[in-house]
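Visitor: Residue numbers (this note's numbering): 3 to 703.
Handing you this structure, nothing more for now.
Structural data, given as structure tokens:
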């Protein structure tokens, strides 16, 4: 007996020591991961410097060298006057930073040209200097010196003077006159004459790589975060309850809806339209290795995409295999399939048994997911990955609440952080965190009584900031701030109070406001406001989980709020709502069913709103971007049937259904589609006209 008690005491003491050790590991590893993550942007990097010199190997050959930054930091050119003397009478191009016959070459590049009568130095279609050829070939002229920098672009003819006796020098102190360089080109041939020189200092401020110190800090930060999360998982086991299985049994089934969605995604991946930005995004991915960083040459003069660019780096890695459309768009296909699996296996069951068991709700979720996904999320833009990241965050938050564990919440923080690291519109994942913040805080308060505060908080801090090790892997805080300054200066960088532009673009009869693009967001908005109205009227809906439903609505409302603070207001951002909009459609399908809306007037009111939405969606063209619009019916006009627009048909249906709903509102109860007169819910003194709305609003919903 004594030995049994001693063994139990020893086991208890060992378990206590194990718990204490796990608490210390969670705290120390979490804080270490947190501090190293926030230190990563401040740690040093190695910057690569480069200079373009010409002539090369003593020969006058053309050199192709397009710059990622497009223009140099500084440029100097020395042309001996003997070169001009040796030119043929017809003249020619002594030097140019672009081929003379290139597209818009004169508008972008610098040229030193010799004609029969003059020697011209032009830069970006501006005449820097123009001197008679006779003066330049005279013995007095020694050389032509050209400089271009932030101070301006100037040309000096050394040895020549102006009428006032000063050195012959002209130019402009405009930093924007620095020429674009795609190489050095000339009409001259043969050995390079003495004194002819071109030198340009390349802008390599963003061409950096991590030092060994920074690389070690990144590795330790990621490793510490993983250790902290594992320790947090061990601490979650102290309550004695076990999660039944990591992947629930609901994932094992396969239905007709699953087959339909998967087939539609696969088919659209092959034949579907792409986004308007695919060309330049693919170009960025292709040249990322040559540039040394992910440069946005299309809009921001080669400045890096950081801190929002890790997804583009994934595309850059994929180009090592192939840059074919089917392959490079594979992440979008995987994201779409994962969104459907999470919706059907996790989100819909979490919204309640009434939603999960309703075939209409499941089909509604599938159809809205497809119709919202196809117009926006079949290209290289990051919206599909953000939609998946936000859904993963929501699922993990709900799983944390379901099992009262902190590990899923920490993983949700990781998912939200990496989703935000894709693009500013990744704030949709932050909205999911905010929507579940209060219940998670309650779990934290309950569990801190068992294991303390820091063993729970430290892993959360590490989880939230570990994304910095990816964002600043080869950049510093200074370079990212400089890139942000460039983007803000060039634009578009619109203020929060111009958010109405996003919705204004959606209703214009353009490709941005086309039929397919309108429907996905508008159906989400209709379902959202209908669900809010019904949930406010009905405090309890049988079979619908109130908490997850309100949190889902909070995600959408929070995202619409956070989008105000994103710098651009493009319509393609509405692709974010594809996954949560599908879940919202499933929830609303149950809420407007006869089991919940018992009075047909209310169902007719929702149907009227749906008809109006369809009328609005069809009141535009069926346009798609670029070549995707070829052969598409009504790609430049409103869809019609026998000369009658489909929008008009739906508007007439809206008017008829709305009139019918109004008739149901004022009709006698035995004809209005409400509960029968024998219903025990019937109000004894309710007025059939003036009082019927109040009665039905409060009791018949």
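For every residue, glycine included, the Cβ atom is placed at its ideal position computed from N, Cα and C.
Residues in its own chain within less than 8 Å of residue 373 by CB, not counting five upstream and five downstream?
Guide: Once the five neighbours on either side are set aside, the close Cβ partners of residue 373 are 518, 521, 522, 525.
Visitor: For the putative contact between residue 114 and residue 123, defined by C-beta atoms under 8 Å, what is the C-beta separation to the nearest angstrom?
Guide: Correct: roughly 5 Å between the Cβ atoms.
Visitor: What is the rounded straight-line gap between the Cα of residue 569 and the Cα of residue 495?
Guide: If I take the Cα positions, the gap works out to 5 Å.
Visitor: State the DSSP-derived secondary structure class of residue 122, mapped to helix, strand or coil.
Guide: Strand, per DSSP.
Visitor: Excluding the five sequence neighbours on either side, which residues of its own chain have a C-beta within less than 6 Å of the C-beta of residue 33, listed in chain order?
Guide: Result list for residue 33: 460, in chain order.
Visitor: If I measure Cβ to Cβ from residue 207 and keep anything under 8 Å in the same chain, skipping five residues before and after, which residues do I get?
Guide: So the list reads 49, 481, 484, once near-sequence residues are dropped.
Visitor: Going by CA-CA distance only, name the one from 101, 364, 362, 328 that's closest to residue 182.
Guide: Considering only alpha carbons, the answer is 101.
Visitor: Mind checking whether residue 79 and residue 159 have CB atoms under 7 Å apart?
Guide: Against a cut-off of 7 Å, the Cβ pair of residue 159 and residue 79 comes out as no contact.
Visitor: Please determine, among 577, 262, 317, 292, the residue with the shortest C-alpha to C-alpha distance to residue 562.
Guide: When each option's Cα is compared against that of residue 562, the closest is 577.
Visitor: Could you spell out where the alpha helix (DSSP H) holding residue 449 opens and where it closes?
Guide: Start and end: 439-453.
Visitor: Going by beta carbon distance, what residues of the same chain come within less than 6 Å of residue 125, once the five residues before and after it are set aside?
Guide: So the list reads 112, 155, 179, 181, once near-sequence residues are dropped.
Visitor: To the nearest angstrom, report how far apart residue 597 and residue 589 are at their CA atoms.
Guide: Roughly 13 Å separates the two Cα atoms.
Visitor: Considering only the beta carbon of each residue, do residue 47 and residue 478 sit closer than 7 Å?
Guide: Yes, the Cβ-Cβ distance between residue 47 and residue 478 is below 7 Å.
Visitor: Ends of the beta strand (DSSP E) at residue 156?
Guide: Run containing residue 156: 154-163, per the beta strand (DSSP E) assignment.
Visitor: In chain order, what residues of the same chain lie with their CB nearer than 6 Å to the CB of residue 366, ignoring the 5 residues before and after it?
Guide: Within the same chain, residue 366 has close Cβ partners 587, 588, 591.
Visitor: Going by DSSP, which residues form a beta bridge with residue 95?
Guide: Its beta-bridge partners are 115.
Visitor: Using DSSP with H/G/I as helix, E/B as strand and the rest coil, what is residue 210?
Guide: In the structure shown, residue 210 sits in a strand (DSSP, three-state: E or B).
Visitor: Whose CA, out of 430, 445, 88, 278, lies closest to the CA of residue 409?
Guide: Closest by alpha carbon: 445.
Visitor: According to DSSP, is residue 134 part of a helix, a strand, or is it coil?
Guide: Here residue 134 sits in strand by DSSP.
Visitor: Would you give the residue range spanned by the beta strand (DSSP E) that residue 492 belongs to?
Guide: Here residue 492 belongs to no beta strand (DSSP E); instead the alpha helix (DSSP H) covers 479-492.
Visitor: Could you give the C-beta distance for residue 457 and residue 28, rounded to a whole number, given that I count them as a contact under 8 Å?
Guide: The pair is a contact, with the Cβ atoms about 4 Å apart (cut-off 8 Å).
Visitor: Could you spell out the range, first to last residue, of the beta strand (DSSP E) harbouring residue 77?
Guide: 76-82 is the span of the beta strand (DSSP E), which, as asked, contains residue 77.
Visitor: What residues in its chain sit with their C-beta under 8 Å from that of residue 212, if we drop five residues either side in the sequence?
Guide: Answer for residue 212: 45, 47, 48, 220, 475, 476, listed in chain order.
Visitor: Candidates 411, 264, 323: which alpha carbon is nearest residue 340's?
Guide: Selected option, being the one with the closest Cα: 264.
Visitor: With a CB to CB cut of under 8 Å and the five nearest residues on each side skipped, what residues in its chain are close to residue 316?
Guide: Within the same chain, residue 316 has close Cβ partners 333.
Visitor: By the three-class DSSP mapping on this structure, what secondary structure does residue 148 have?
Guide: Of the three classes helix, strand and coil, the one that applies to residue 148 here is strand, per DSSP.
Visitor: Could you give the first and the last residue of the continuous alpha helix (DSSP H) run that contains residue 386?
Guide: 385-405 is the span of the alpha helix (DSSP H), which, as asked, contains residue 386.
Visitor: Determine the DSSP secondary structure at residue 678, reduced to helix, strand or coil.
Guide: The predicted position of residue 678 is uncertain, since its pLDDT is 40 and thus under 50; a value taken from the coordinates is nonetheless stated next. It is coil, neither helix nor strand.
Visitor: Considering only their Cβ atoms, is the gap separating residue 259 from residue 368 smaller than 7 Å?
Guide: Yes, these two residues count as a Cβ contact at 7 Å.
Visitor: Going by other Cβ atoms of all chains shown within 10 Å of its Cβ, with 16 needed for buried, is residue 43 buried or exposed?
Guide: So residue 43 counts as buried.
Visitor: Just to check my reading of the structure: residue 76 and residue 151 have Cβ atoms closer than 8 Å, yes? What is that Cβ distance to the nearest angstrom?
Guide: 4 Å between Cβ atoms; contact.
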